[in-house]
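A short worksheet on the structure shown next.
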């Protein structure tokens, strides 16, 4: 997808709740696909959290990663991002506005 739609210097992001989850799920699947393909395996450079193929880069990041804001990604893959919504809801329930009566 990244090379097909993004061209030679495309970027893709794999985000999840935290870094370990982003590397351990979606990014791990991408690595397995590349390692299982003879054509991609020859072209790819794979590190712990980054895959580079002909200048296109796929990077695994946590969902709150600040420096991803200026990236030129053509695709972003999100895995299990529902937990922050529940944390925010729990905070709102624990800290109601002044004068609020249930």
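Numbering (this note's numbering), first residue to last: 4 to 105. Ideal placement from N, C-alpha and C gives every residue a C-beta, glycine not left out. Keep in mind that this is a model prediction, so the values were computed, not measured.
Thinking just about the alpha-carbon of each residue, which of the options is nearest to the one in residue i?
| i | options | result |
| --- | --- | --- |
| residue 66 | 13, 11 and 24 | 24 |
| residue 9 | 22, 61 and 81 | 61 |
Could you give the DSSP three-state label for residue i: helix, strand or coil?
| i | result |
| --- | --- |
| residue 25 | helix |
| residue 81 | strand |
| residue 18 | strand |
| residue 51 | coil |
| residue 31 | helix |
| residue 59 | strand |
Spatial neighbours of residue i within its chain, please: CB distance less than 7 Å, with the 5 preceding and 5 following residues excluded, ordered by chain position.
| i | result |
| --- | --- |
| residue 58 | 11 and 12 |
| residue 21 | 65 |
Are residue i and residue j closer than 7 Å when you measure CB to CB?
| i | j | result |
| --- | --- | --- |
| residue 36 | residue 79 | no |
| residue 38 | residue 75 | no |
| residue 31 | residue 64 | no |
| residue 29 | residue 82 | yes |
Leaving out five residues before and five after residue i in sequence, what residues of the same chain have Cβ atoms less than 6 Å from its Cβ?
| i | result |
| --- | --- |
| residue 55 | 48 |
| residue 52 | 26 and 63 |
Under 8 Å Cβ to Cβ from residue i, same chain only, skipping five residues before and after it: list those, please.
| i | result |
| --- | --- |
| residue 34 | 49 and 54 |
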